[in-house]
Amino acid sequence: MRKFFVRFLWTVLVLVVLFAAVAFTAIAKGWIGYMPPVEDLQNPIDRFATQVYSADGKIMGTWNYNKENRICVDFSQLSPSLVQALIATEDVRFYDHSGIDFYALGRAVVKRGILGQVNAGGGSTITQQLAKQLYSGTAHSVTERMLQKPIEWVIAVQLERNYTKDEIIALYLNYFDFLHNAVGIKTAANTYFGKEPRNLTVTESAMLIGLCKNPSYYNPVRNPERCRERRNVVLMQMMKAGFLTQAQYDQYSAEPLKLNFHVADHKDGIATYFREFLRLYMTMEKPRRADYPSWNMVKFYQDSVNWATDPLCGWCHKNTKKDGTPYNVYADGLKVFTTIDSRMQEYAEKAVRDHVVKFLQPAFDRENRGKKTAPFSGKLTSSQVNQILMRSVRQSERYRVMKADGASEADIRKAFRTPTEMTVFTYHGEIDTTMTPLDSIRYYKSFLRTGFMSMSPVDGAVKAYVGGMDFIHFKYDMCMEGRRQVGSTIKPFLYSLAMENGFSPCDMAPNVQQTYIVAGQRWTPRNASRRRYGQMVTLKWGLAQSNNWISAYLMSKLNPQAFVDLLHEYGVNNPDIHPSMALCLGPCDISVAEMVSAYTAFVNHGIRCAPLFVTKIEDNEGNVIARFQPRMNEVISAESANKMLYMLKGVVDGGTAGRLRFRYNMKGEIGGKTGTTNNNSDAWFIGVTPELVSGVWVGGDDRDIHFDSMRMGQGATMALPIWAYYMRRVFADTDLGYSESAVFDLPKDYNPCGAVADSVEVDGIDEIYE
């Protein structure tokens, strides 16, 4: 009997070994479960990531396999105490195994699996944990997690074959999300302590490694005492491993956390909105109508136009590698050289923050203080505000998830009105608070939004691109993707159509309110000012003062359909623009990028430049695989463009943009146009110089979120200062090569009005249409 029992045990052992060998072979070959390609295992984070460069040679960021922007550091840049804390806490025999620690695994099976000792420690090595973070999804059951384990073991062994131990530690720390947008050890060290990883102290290293167990539970900002206790556990493990003496442990464990906490504006790098736009733009698949909801056919049209006309749009799918497969920006090690100038991008971001954060937002908050409908206009009723908020609730991710889980509308409404602990954004860093999800929606809507772009009128090279105030919390891009009513910034296009039809800046028009019959309906445009009412004024004066009556008069003399066609020639890709008299006042939705591109035609002799984002792309061997050239089309004649420049200069020298001269002390030749829409919902300024065309939009998340006063809500107050702050910094940086003394390429002493008296005085009042 004993002999039979021994044979039985040996048979079982052999069968188990054979089964394990077959199973692990099948896993390694990808026959069972998911096994990433070998090249991904060799480059799990960033060795084959696409690097995005600025025009002045700076690395702006990377596109990694996991689609996260992080700054990776080498092992040599890590503090020794950081490495010691990680090894002592997570894998004390790290340097003695090849990915799987069978001793620790056996201990975990016996003590945790059989004896049920929860605090007995796990059996996963650092390499296994890295494999889990890189390639395992969230397990929804114990069985699913047990099936993931063998796959992680095989991946861990593969990682050990491709990397040194030091590299694995660096990969682990570079990948981990330490909470508060601190992805990777470099960002984490800066976020929590304002330091580089190499300068972390023993206690700081222990705290960060303590977060690896559960960053949310041991959140040092929300739960500092719990985090401190976890830090001391790590210090104890370091002492047990021989990295600390008893005296050192006693000293360090008595210290407070000593945080220097601040959340970075972006995860890393500059121009985050631009990089995300570029990533999506290059990887876009050919638009198919079936992939777009019926309410978003405008987006389908715009994507289709970009796909057909711009080689960069969908570049990864339009081009293939030598093996015939499409390019992968996460794994092919590409280098994308953009037109963005890192210095000008920095100036643009500073200009936006200087004006919106330091001036506009505080003023907006003061206006809303005590207002029941805040941040919405005081002209709305509580019922109207509630309808808007409920619409936002239905568009939220929380609502979608709850609905998918089968929650009723009543349960969802209750959940959105239940106070919850959460971390919210402020301009001074994230804060932990308690509020209902409904209140959090209202809170985030209280922040003003903005979009900005600056480009060369000669070749279309985009020099600066700001899609919003903070990419982490407000991801919607208000430069390229967002479209809002443009108000009076549309008027130069109307005036250019008039110039094309034989008008001149010195032609006279009646400055009176008139009623027009449009499609059988009476339409009477209103104007913000009654200056020189009843007089005959020049068209130049009309544009300088952004006079709605003059624009309506011009529109009555022109063909509305011809105006729509001209807008499309200017690069406005909105198929829903309908020909009508009211179009002259800018009720249509256009993006900042489209507006800036359109205004290049005035500086470039009537030739409009499409935005140029990338100059070339290189493969991982340094070979140039794509070059991109400016895309241009003639919109108006050179003579009409000259007339428009003449009038746009008048807007600055004696019109609604006059504060560029008397308040911001801007010198040199400048043209521009302010814009303000109904109820101050949208504020615009597009400014042109001989070498740059730049545009700004500022507004609320919803059209009903705005200043109620004209003084604060107009384009000259909300948008124009950003342009001024940006251009002043650009001119001050002589290394950039932009001169305030540059002149427009106009004929000498150009003045199509001759001796006609068309000067105006500055009244500091911008326009509004209703």
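The working numbering numbers the first residue of the sequence shown as 12 and each following residue consecutively.
Even glycine gets a Cβ: it sits at the ideal position worked out from N, Cα and C.
Beta strand (DSSP E) runs wholly inside the region 282-348, at least 3 long, in chain order: none
Shortest alpha-carbon distance to C764 belongs to which of N644, R364, S515 and R672? The residue you call residue 764 lines up with position 753 of the sequence shown. When each option's Cα is compared against that of C764, the closest is S515.
Please name the residue, chosen from Q532, N522, M547 and K551, that lies closest to R539 on a Cα-to-Cα basis. For the purposes of this step, residue 539 is identified with residue 528 of the sequence shown, where counting begins at 1. The sequence given here has Ala at residue 539, not Arg. It is N522 whose Cα lies nearest to the Cα of A539.
Have a look at F272 and S92 and give me their C-alpha separation to the nearest angstrom. Looking up residue 272 in the sequence shown gives position 261. Looking up residue 92 in the sequence shown gives position 81. If you draw a straight line from the Cα of F272 to the Cα of S92, it comes to about 20 Å.
Any chain D beta carbon closer than 8 Å to R638: Absent from the structure is chain D; it holds one protein chain and no more.
Report buried or exposed for Y263, applying the criterion of at least 16 other Cβ atoms within 10 angstroms of its Cβ. The residue given as residue 263 occupies position 252 in the sequence shown. Y263 comes out buried.
According to the neighbour-count rule (16 or more other Cβ atoms, all chains shown, within 10 Å of its Cβ), is Q257 buried or exposed? If you number the sequence shown from 1, residue 257 lands on position 246. Classification for Q257: exposed.
Entirely within the region 652-722 and at least 3 residues each: give me those beta strand (DSSP E) ranges in chain order. Runs found: 682-687, 693-699 and 704-710.
Spell out a yes or no on whether the region 581-591 and the region 680-694 are touching, meaning 3 or more CB-CB pairs, one atom from each, closer than 8 Å. no
Could I get the ranges of all uninterrupted beta strand (DSSP E) runs contained in the region 456-503, with 3 residues as the minimum, in chain order? 460-466 and 473-477
Tell me whether the region 670-684 and the region 722-735 touch, counting them as touching only if at least three CB pairs, one residue from each stretch, are closer than 8 Å. By the Cβ test, the region 670-684 is in contact with the region 722-735, since at least three Cβ pairs between them sit closer than 8 Å.
Work out the CA separation of I483 and M860 for me, nearest whole Å. Missing from the structure shown is residue 860; the chain here goes from 12 to 781 and no further.
Using 10 angstroms around the beta-carbon of L291, count the other beta-carbons present and answer buried if the total reaches 16, otherwise exposed. The sequence position of residue 291 within the sequence shown is 280, counting from 1. The residue is exposed, with fewer than 16 neighbouring Cβ atoms inside 10 Å.
Cβ separation of W708 and V603, assumed to be a contact under 8 Å, to the nearest whole Å: For the purposes of this step, residue 708 is taken as residue 697 along the sequence shown, with counting starting at 1. For the purposes of this step, residue 603 is taken as residue 592 along the sequence shown, with counting starting at 1. The Cβ separation is near 5 Å, so the contact holds.
With distances taken from CA atoms, which of T198, G679, D746 and W318 is nearest L700? Reading the sequence shown from its first residue, position 689 is the one you call residue 700. Here residue 700 turns out to be Thr, not Leu, going by the sequence shown. Relative to the Cα of T700, the nearest Cα in the group T198, G679, D746 and W318 belongs to G679.
Bridge partners of Y6, per DSSP? Because the chain here runs from 12 to 781, residue 6 falls outside it and cannot be looked at.
On the criterion of 16 or more Cβ atoms from any shown chain inside 10 Å, does Y761 qualify as buried, or is it exposed? Looking up residue 761 in the sequence shown gives position 750. By the 10 Å Cβ count, Y761 comes out exposed.
Proximity winner among I70, S705 and D177, relative to P468 (alpha-carbon distances): The residue you call residue 468 lines up with position 457 of the sequence shown. Among I70, S705 and D177, the Cα nearest to that of P468 belongs to S705.
Which parts of the region 345-413 are runs of the alpha helix (DSSP H), unbroken and 4 residues or longer, counting only runs that do not cross its ends? 353-363, 372-379 and 393-405
Given a threshold of 16 other Cβ atoms within 10 Å of its Cβ, counted over all protein chains shown, does Y284 qualify as buried or as exposed? Reading the sequence shown from its first residue, position 273 is the one you call residue 284. When all chains shown are included, Y284 counts as buried.
Option nearest T687 by Cα separation, candidates Y183, V583 and Q556: Taking the sequence shown and counting its residues from 1, one reaches residue 687 at position 676. That would be Q556, whose Cα lies nearest to the Cα of T687.
List the DSSP bridge partners of E629. Position 618 of the sequence shown, counting from 1, holds the residue named residue 629. Among the bridge pairs identified by DSSP, E629 is matched with K346 and V635.
Does the Cβ-Cβ distance between Y341 and N330 come in under 8 Å? As a working mapping, residue 341 is identified with position 330 in the sequence shown. As a working mapping, residue 330 is identified with position 319 in the sequence shown. With respect to N330, Y341 sits apart: the two C-beta atoms are not nearer than 8 Å.
Per DSSP, what kind of secondary structure is S648 in: helix, strand or coil? In the sequence shown, counting from the first residue as 1, residue 648 sits at position 637. Of the three classes helix, strand and coil, the one that applies to S648 here is coil, per DSSP.
Taking the CB atoms as reference points, tell me whether S2 and M519 lie closer together than 8 Å. For the chain, the structure presents residues 12 to 781; residue 2 sits outside this window and is missing.
Separation of C517 from L550, as counted between CA atoms: In the sequence shown, the residue the question calls residue 550 occupies position 539. In the sequence shown, the residue the question calls residue 517 occupies position 506. Rounded to the nearest angstrom, the gap between the Cα atoms of L550 and C517 is 6 Å.
So what's C620 in DSSP terms, helix, strand or just coil? Here the question's residue 620 lines up with position 609 in the sequence shown. If DSSP states are grouped into helix, strand and coil, C620 belongs with the strands.
Spatially closest choice to A649 from F613, D630, E378 and K568, by CA coordinates: For the purposes of this step, residue 649 is taken as residue 638 along the sequence shown, with counting starting at 1. Answer by Cα proximity: F613.
Look up I588 in the DSSP assignment and say whether it is helix, strand or coil. The residue given as residue 588 occupies position 577 in the sequence shown. Correct three-state label for I588: coil.
Per DSSP, what kind of secondary structure is Y527 in: helix, strand or coil? Residue numbering aside, residue 527 sits at position 516 when the sequence shown is read from its first letter. Y527 falls in the strand class under three-state DSSP.
Test item: CB-CB of P448 and R409 under 8 Å: Looking up residue 448 in the sequence shown gives position 437. Looking up residue 409 in the sequence shown gives position 398. For P448 and R409, yes; Cβs fall inside 8 Å.
Got a sec? Which residues, its chain only, sit under 6 Å from V63 by beta carbon, not counting five neighbours each side? In the sequence shown, the residue the question calls residue 63 occupies position 52. Taken in chain order, the residues that qualify are M71, G72, R286 and V347.
Going by C-alpha to C-alpha distance, which of I351, K251 and P622 sits closest to N317? Counting from 1 along the sequence shown, the entry for residue 317 is found at position 306. Comparing Cα positions, the closest option is P622.
How big is the Cα-Cα spacing for T175 and L182? The residue you call residue 175 lines up with position 164 of the sequence shown. The residue you call residue 182 lines up with position 171 of the sequence shown. Each residue's alpha carbon lies about 11 Å from the other.
Does the structure place the region 551-571 close enough to the region 487-503 that three or more beta carbon pairs sit under 8 Å? yes
Return the CA-CA distance between T461 and M489, expressed in angstroms with no decimal places. Position 450 of the sequence shown, counted from the first residue, corresponds to residue 461. Position 478 of the sequence shown, counted from the first residue, corresponds to residue 489. In a straight line, the C-alpha of T461 is about 6 Å away from that of M489.
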